[in-house]
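Residue numbers (UniProt numbering): 1 to 491.
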Amino acid sequence: MENTTQTWAERQQSGTGAWEIKLWEKKTEEQTYSFEDRTLILGQDFACEKEVYCETGQLTPGTVYGIQLRIYSTTGSIISRQYFAATRTDMAALGIFVGMVTTVAVAMIILAALVYFGIIPIEVADVTVSSEEQVVQTIEKPKKVKKEKPKKTRKEKRKGKSKAGKLASVPEKPVEPIAMTIEQLKAHLEECLQSPEDRIKEQFSELRKEAAQRASAENLTTNYGTDPNNKDLNRFHDIIPYDQTLVLLKGNCIMEEEAEGYINASYIYAVEPCKDAYSSPSLDRSRVEYIAAQAPLKRTVADFWQLVAENRVTLIVMLTQLHEGDTSKSAKYWPDEVYATTSHVWSGNELTVTLIAEQDHPSFVIRTFSLVSVLNVDEPVTVTQIQMKSWPDHGVPEVEEFAAVIDEYRRLKDAEPPGQGPSLIHCSAGIGRSGIFIAADVIRRQLEKGVQYFDIRGTILQLRMCRMHMVEKAPQYVFLHKYLKSLLENY
C-alpha cells in the first residue's frame, strides 16, 4: 500500500486512490447502506472490481510488513495505528537448499576420508630428477604435526567460547564479568573520572553505537511521530518516540487500538538489575515506572494535561526553564498565580488546572495543582511538580543541586499511596536531562534495595530501547558518573 495524504476532494476528482478497499458514495442524507465484511488475503490474487483499488503481488518470505488503515470522510481522514506482521520463511525452498548443502558436505567428507587413509590414491605429474632420486607417484599419508595455538588477547578471550570437554555441561558465560559490586563500582568511578576523561567518553561512544544496533535489530520504528499529521507536534524533528513505547492518548476510546491522540512521550519500563556478575540489566515490560516526554508546545498544552489525566500521573519533574538564553524550552502549562485556574479542551474533554500552592527552595520550586476532568468532576486529582532551577544551557548542573532535586523527588514518590501512575519526567526534548534523571533514580533505588551488582552502561542501553538518545551527550554521561560517585560515599 502506498502512503498518501490524498484529500477527499482529490479522491472524488481522480476516481481512484491508494489505501481504499471500497468507496461508498452517499447521495442523500436519508439514504442508508448495509455493509458486508470483505476479507482480502495480502499476497494472493483476487478480482478487482471497478470501484476497488488494489495492487496484488506475492509477499516476500521472512519479511516484516506494516499494515495500516486510512478512512476518509467529508470532514477529513483518520489513520489507524500501524501493526507489524512477519511472513513465514519458505520452508520448502529452505529444505531443498539445506538438503543440497548437506549432500555436498557429506560427499566431500567421505572423499577426504578415503584419500586420507590411502584407499583412493592420488596421482601426481611425473617429475624428472637426478639418478639418485626416485619418481614418487603416490602421496604418502601425511604425518600429524602438533601446532602451537597462538595466545588469545584479552578481548578475544571475552568474545570466545570455551570448547574444553570439562566445561561442556557448564552454561556459557562471558569470561570477564559485566556487572560490578559496590566496591568494584567505586573503584571504577574513581578510575574513569580521573582527568582526562577520555576513557569514559570512549565508553559513551561505544554505548551509542551498540544502542543504535540494538534498535535496528529490534525493528524499533517511528511511524506515528513522522506521520505528516503529527510532525508539527514534535519540538525537534529528530527526536521521535518509538511506536513500540509510544504513549497514545485515548480520550473516550475504550480499546487501545482506537486511540487517536499523538504526543511526543514514551513509556519507560522498569529496569531489572543484574542477576549476577555475568548478566546485564533487563526491562520488565509489565511495569511502567516513568513517562519521558518533550516539554509542551503552546499547541500541545491540552495534550500534556490529557496525558497526565489518562495515566494517573501525580508527580511531574521539570528539568528545564521556560526560556534559556534566547531559546524557548517549554510552554508554560500552569496558571500564573496561586488559586488561578486555566482550562484546556482535548477531543471534547475539558480539563481545568488550578495552582494550589507554590514553594520556592534554593535548587527547585514545588508547585501543587488540582486537576479536574469534566468526565469525572467529583474526583479532582492532586498533581505535584518539581522544577529544577539551574541547569545551564548546553551544560550540566552542580552535583549538589541535582542531588537536592532527586532527593526531594524520591521523598515525594515514596510517600505516594500504592496504585499511583508513573512519574512524568520532561526537559525540553525529553532525552538528555530526563535520561540522566531516570538513570540516576534507577541506580539509586537499586542501592537502597541492597542490589549486589550494578551496570551503568547496561542501564542506559535499556532506557534507550524505550526512548531514543536517553542520556544524549558525553558530558551528561560523565555527569551521571560524578553523581553516582558522590552517592556511593554513603555506602
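Don't be surprised by glycine CBs; every beta carbon is placed ideally from N, CA and C. Quick caveat: nothing in here was measured; it's all calculated off a predicted structure.
Q: Spatial neighbours of residue 337 within its chain, please: CB distance less than 8 Å, with the 5 preceding and 5 following residues excluded, ordered by chain position.
A: 355
Q.
Rounded to whole angstroms, what is the Cα-Cα separation between residue 464 and residue 470?
A. Between the alpha carbons of residue 464 and residue 470 lies a gap of roughly 5 Å.
Q. Since residue 302 contacts residue 426 with CB under 8 Å, what's their CB separation in whole angstroms?
A. Taking C-beta atoms under 8 Å as the contact rule, residue 302 and residue 426 fail to qualify, at a distance of about 16 Å.
Q) Per DSSP, which one or two residues make a beta bridge with residue 327? A) 324
Q.
Taking the alpha helix (DSSP H) that residue 360 belongs to, which residues open and close that run?
A. Careful: residue 360 lies outside any alpha helix (DSSP H), inside the beta strand (DSSP E) at 349 to 360.
Q: Decide if the segment 469 to 488 is in contact with the segment 428 to 438; the criterion is three or more beta carbon pairs, one per stretch, under 8 Å apart.
A: yes
Q.
Taking the alpha-carbon of residue 353 as reference, which of 419, 372, 359, 361 has the nearest alpha-carbon?
A. Nearest option by C-alpha distance: 372.
Q) Which two residues bound the contiguous beta strand (DSSP E) that contains residue 391? A) Here residue 391 belongs to no beta strand (DSSP E), and DSSP marks it neither H nor E.
Q. In its own chain, which residues sit with a C-beta less than 7 Å from the C-beta of residue 211, not counting the 5 before and 5 after it?
A. 461, 464
Q. For the alpha helix (DSSP H) that residue 461 lies in, which residues bound it at each end?
A. Counting along the chain, the alpha helix (DSSP H) containing residue 461 begins and ends at 456 to 464.
Q: Apply the 10 Å Cβ neighbour rule to residue 490 and answer buried if 16 or more other Cβ atoms are within range, or exposed otherwise.
A: Counting Cβ neighbours within 10 Å, residue 490 comes out exposed, since fewer than 16 surround it.
Q: Count the other C-beta atoms from every protein chain shown that fall within 10 angstroms of the C-beta of residue 169, then say buried if there are 16 or more, exposed otherwise.
A: Confidence is the limiting factor: at residue 169 the pLDDT is only 39, short of 50, which leaves the residue's position unreliable and the question unanswerable from this model.
Q. Hey, how far is the Cα of residue 267 from the Cα of residue 108?
A. Distance between the alpha carbons of residue 267 and residue 108: 55 Å.
Q) Given a threshold of 16 other Cβ atoms within 10 Å of its Cβ, counted over all protein chains shown, does residue 295 qualify as buried or as exposed? A) Label assigned to residue 295: buried.
Q) Is residue 375 buried or exposed, if buried means 16 or more other CB atoms sit within 10 Å of its CB? A) exposed
Q | Helix, strand or coil at residue 216 [DSSP, three-state] | A | helix
Q. Is residue 313 near the ligand SAM, in the sense that its beta carbon is under 7 Å from a heavy atom of that ligand?
A. No copy of the ligand SAM occurs in the structure displayed, which carries no ligand at all.
Q: Have a look at residue 467 and residue 103 and give me their C-alpha separation to the nearest angstrom.
A: 48 Å
**Q.** Residues near residue 129 in its chain [Cβ-Cβ closer than 6 Å; skip 5 each side]
**A.** Residue placement at residue 129 is poorly supported in this model, since its pLDDT is 40, which falls under 50; the coordinates still yield a value, given next. Cβ neighbours of residue 129 beyond the five flanking positions: none.
**Q.** Nearest to residue 245 (by Cα), restricted to the options 209, 238, 280, 286
**A.** The shortest Cα separation from residue 245 among 209, 238, 280, 286 belongs to 286.
Q. Is it right to say residue 420 is buried, meaning 16 or more other beta carbons lie within 10 angstroms of its own, or is it exposed?
A. exposed
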